[in-house]
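Trainee:
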């Protein structure tokens with residue numbers, strides 16, 4: 007299990023990567039309520055949802071230090 011570095015919640019990595027649907031152009035999507043992730047400085051970071059991911063992206067140095 008991964009840990010959300012913003013709120014500390016444990017994230018099921020497999021569930022966060024599970025494809026839930028497709029966009030109108032055929033791209034695969036995941037359900038952000040099951041967790042989300044970004045690739046940052048050579049590693050995958052997992053978040054419990056879009057709110058925590060947005061907080062991290064607004065100020066990554068706050069959470070990485």
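Numbering (the working numbering), first residue to last: 7 to 71. Note that the Cβ used here is the ideal one computed from N, Cα and C, for glycine as well.
1. Using only the alpha-carbon positions, how far apart do residue 45 and residue 30 sit?
2. Measure the beta-carbon distance from residue 59 to residue 39 and round it to whole angstroms, keeping in mind my assumption that it falls under 8 angstroms.
3. In angstroms, rounded to a whole number, what distance separates the CA positions of residue 52 and residue 71?
4. List the residues that DSSP assigns as beta-bridge partners of residue 31.
5. Tell me, please, which residues DSSP counts as bridged to residue 49.
Mentor: Based on what the coordinates show:
1. 24 angstroms
2. Not really, about 12 angstroms apart at Cβ, beyond 8 angstroms.
3. 17 angstroms
4. Partner(s): none; residue 31 has no beta bridge.
5. 46
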